[in-house]
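Enquirer:
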Amino acid sequence: MNTQQTTLSVPSVVCGGCASAIKKALDNLRGVNQVDVDTAAKTVTVKHTERVPRQEIVAALDRAGFPAS
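Residue numbers (my numbering): 125 to 193.
1. Report yes if the C-beta distance between H176 and L153 is below 7 Å; otherwise report no.
2. Would you kindly work out how many angstroms separate the C-alpha atoms of N126 and S136, rounded to a whole number?
3. Note down, in chain order, each residue of its chain lying with its Cβ closer than 7 Å to the Cβ of V156, except the 5 sequence neighbours on either side.
4. Just curious, the beta strand (DSSP E) that K171 is in, first and last residue?
5. Hey, how far is the Cα of C139 from the Cα of K147?
6. Between T163 and the rest of its own chain, which residues show a CB-CB distance below 8 Å, the 5 nearest in sequence each way excluded?
7. Going along the chain, which residues of its own chain have a beta-carbon closer than 6 Å to the beta-carbon of D160, five neighbours each way excluded?
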């Protein structure tokens, strides 16, 4: 299975606590291999299998309280 990378802008990520909450929310998605949160750039980069559509990642972030684009 091919690994893909999706990077999203998440303006509301400002601290380590935000990063932990985001990682926890995305680690629960089946097919997610790695989550990197950059609080300075306000981005989240997700490495995942091709089975995880971008909209599923965005929805998980929204449910966790971190709207993404």
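Even for Gly, the Cβ is constructed at its ideal location relative to N, Cα and C.
Expert: To lay it out plainly:
1. Per the sequence shown, residue 176 should be read as Val rather than His. Yes, these two residues count as a Cβ contact at 7 Å.
2. Straight through space, the alpha carbons of S136 and N126 are spaced by roughly 30 Å.
3. Only L150, V170, H172 and V176 meet the Cβ criterion.
4. From DSSP, the beta strand (DSSP E) with K171 extends over T167 to T173.
5. Spanning the two alpha carbons is a distance of roughly 13 Å.
6. Only V137, V138, C139, G140, C142 and A143 meet the Cβ criterion.
7. Around D160, the same chain offers T169 as residues with beta carbons nearer than 6 Å, after the five sequence neighbours per side are excluded.
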